[in-house]
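Okay, so here's the structure we're looking at.
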Amino acid sequence: MDGRRLVQTVMEGLEPPRPPLHVESDDKLLEASFSDALGVGARVAEWRNFFESGGPFRRRDDEKLSEWVDRVKACLYEWPDAADAALEAVEVFLKKVEGLSEGKFLILKVLGPTETAEGFFAPSRSGRGVELQQILHRFGFGAFYALNSAEALKIYGMISRVILEVVKAGSELQQVDAVRVADDAATYSGPVYSRSFYEEAYYPWHEQFVKECKKKGKYALLHCDGDIRLNGLIEKLADLYDGLHPLDLRPKSTVEEALKWVEEVASTRRLAGEAVFFTGVPVELVFNDSLSVEEFLKVPRKLLEAHGNKFLVVATTHSEYPSRSYGERLPRGKIERLYALIHAFKRAS
Numbered sequence: 398m399d400g401r402r403l404v405q406t407v408m409e410g411l412e413p414p415r416p417p418l419h420v421e422s423d424d425k426l427l428e429a430s431f432s433d434a435l436g437v438g439a440r441v442a443e444w445r446n447f448f449e450s451g452g453p454f455r456r457r458d459d460e461k462l463s464e465w466v467d468r469v470k471a472c473l474y475e476w477p478d479a480a481d482a483a484l485e486a487v488e489v490f491l492k493k494v495e496g497l498s499e500g501k502f503l504i505l506k507v508l509g510p511t512e513t514a515e516g517f518f519a520p521s522r523s524g525r526g527v528e529l530q531q532i533l534h535r536f537g538f539g540a541f542y543a544l545n546s547a548e549a550l551k552i553y554g555m556i557s558r559v560i561l562e563v564v565k566a567g568s569e570l571q572q573v574d575a576v577r578v579a580d581d582a583a584t585y586s587g588p589v590y591s592r593s594f595y596e597e598a599y600y601p602w603h604e605q606f607v608k609e610c611k612k613k614g615k616y617a618l619l620h621c622d623g624d625i626r627l628n629g630l631i632e633k634l635a636d637l638y639d640g641l642h643p644l645d646l647r648p649k650s651t652v653e654e655a656l657k658w659v660e661e662v663a664s665t666r667r668l669a670g671e672a673v674f675f676t677g678v679p680v681e682l683v684f685n686d687s688l689s690v691e692e693f694l695k696v697p698r699k700l701l702e703a704h705g706n707k708f709l710v711v712a713t714t715h716s717e718y719p720s721r722s723y724g725e726r727l728p729r730g731k732i733e734r735l736y737a738l739i740h741a742f743k744r745a746s
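According to the working numbering, the residues represented by the sequence shown are 398 to 746, in order.
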């Protein structure tokens, strides 16, 4: 059974002969080599760069709060043509997957409207963020929504319309199996926005994204960091989406923390119905240079033991750190042993 069919088996609610594996990486050749699934982004390139260069709606230096709130207007930004932006994003996606997707469960990844909106309000990256090439969430959009919800919703709607076209275009590609929307809306403390935001913006637009996926016979997946168990968030998301990633419910930078984490992931199954969990391999442990391969493997082993391999794709929580590489000996060794562990898995009779 090839990787594509293996993941499809899990998505259909059946127990696979072994758990599928997805090692996400910016190196797509490596990802395809180790994974049953392949995830590649379809991006509105200009918007992604806001996290580096600063967004058009960011608060200026020494600008008074009232001046910022009054200045920011959706109509003052030159919005791209949604169809053109979607076409360009999909063309780049197709080039990236060329020659790599045969036999793989192919996931088209899209940055969602909430993360994108935060990019519109993000300051330019500086200091340690530049060195590590990190995307930092400052929640500027969240602050603006609290101060001027009407204008914030206009901006959110304009962003969402473009993303919806990307989702539509991606869902029409025959080789694509699933669309994954990455839209962080929580931290380890739970949901970070007000209940009204989820009700009037987040949920309605995600319902439209899922509708377009299903209309074309594609699975709909969501990447959302943080503890999504609070305020009924996971129940709502699991009801919408076929799969959830990465179930980032608590810190897991040590093996001890990670073992507690996988127990909580397993217990969260009762809240998520039949939504498939894509999780189990904390990237912070992969790139922990003081952690041996054997210690690292305790975590995915524990997840399989506590959760079982039904409704589960064993997956890294994120791609590698921008300043790190799977070409390094120890991280590579951990992934190679993880691959061997998964492929040697024997389903309990």
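We put the CB at the ideal spot given by N, CA and C, even for glycine.
A quick note: this is a predicted structure, and the numbers were derived from the prediction, not measured.
- Shown here for glutamate 569: same chain residues with a beta carbon closer than 7 Å to its own, the five before and five after excluded, namely Lys613 in chain order.
- Contact between the region 442-462 and the region 415-427 is absent, with fewer than three C-beta pairs closer than 8 Å.
- Comparing alpha-carbon positions, the option among Ser593, Ser650 and Asp624 lying closest to leucine 550 turns out to be Ser593.
- No residue range can be given for lysine 461, since it is assigned to no beta strand (DSSP E) and is classified by DSSP as neither H nor E.
- In this structure, the beta-carbon distance from aspartate 622 to aspartate 581 falls below 8 Å.
- Your pair phenylalanine 502 and glycine 400 checks out as a contact, with CB atoms roughly 6 Å apart and the cut at 8 Å.
- If you check the CB distance, phenylalanine 684 and tyrosine 718 come in under 8 Å.
- Counting along the chain, glycine 567 sits inside no beta strand (DSSP E); it lies in the alpha helix (DSSP H) bounded by residues 546-568.
- The beta carbons of valine 559 and valine 469 sit about 18 Å from each other, so the pair does not count as a contact at 8 Å.
- Annotation: glutamate 671 to glycine 438 spans about 26 Å, alpha carbon to alpha carbon.
- If you draw a straight line from the Cα of alanine 598 to the Cα of leucine 646, it is about 23 Å long.
- In the DSSP annotation of this structure, glycine 677 is not part of any alpha helix (DSSP H); the continuous beta strand (DSSP E) holding it starts and ends at 673-678.
- Counting along the chain, phenylalanine 502 sits inside the beta strand (DSSP E) bounded by residues 502-508.
- Here DSSP, grouped into helix, strand and coil, assigns proline 588 to strand.
- Looking from the CA of glycine 436, the closest CA among Leu644, Leu618, His704 and Tyr723 belongs to Leu618.
- Histidine 642 counts as buried, since no fewer than 16 other beta carbons sit within 10 angstroms of its beta carbon.
- Looking only at Lys633, Arg666 and Ala579, the smallest Cα-Cα distance to leucine 508 is reached by Ala579.
- Just measuring C-alpha positions, the residue of Arg577, Glu692, Ser664 and Glu512 sitting nearest proline 728 is Glu692.
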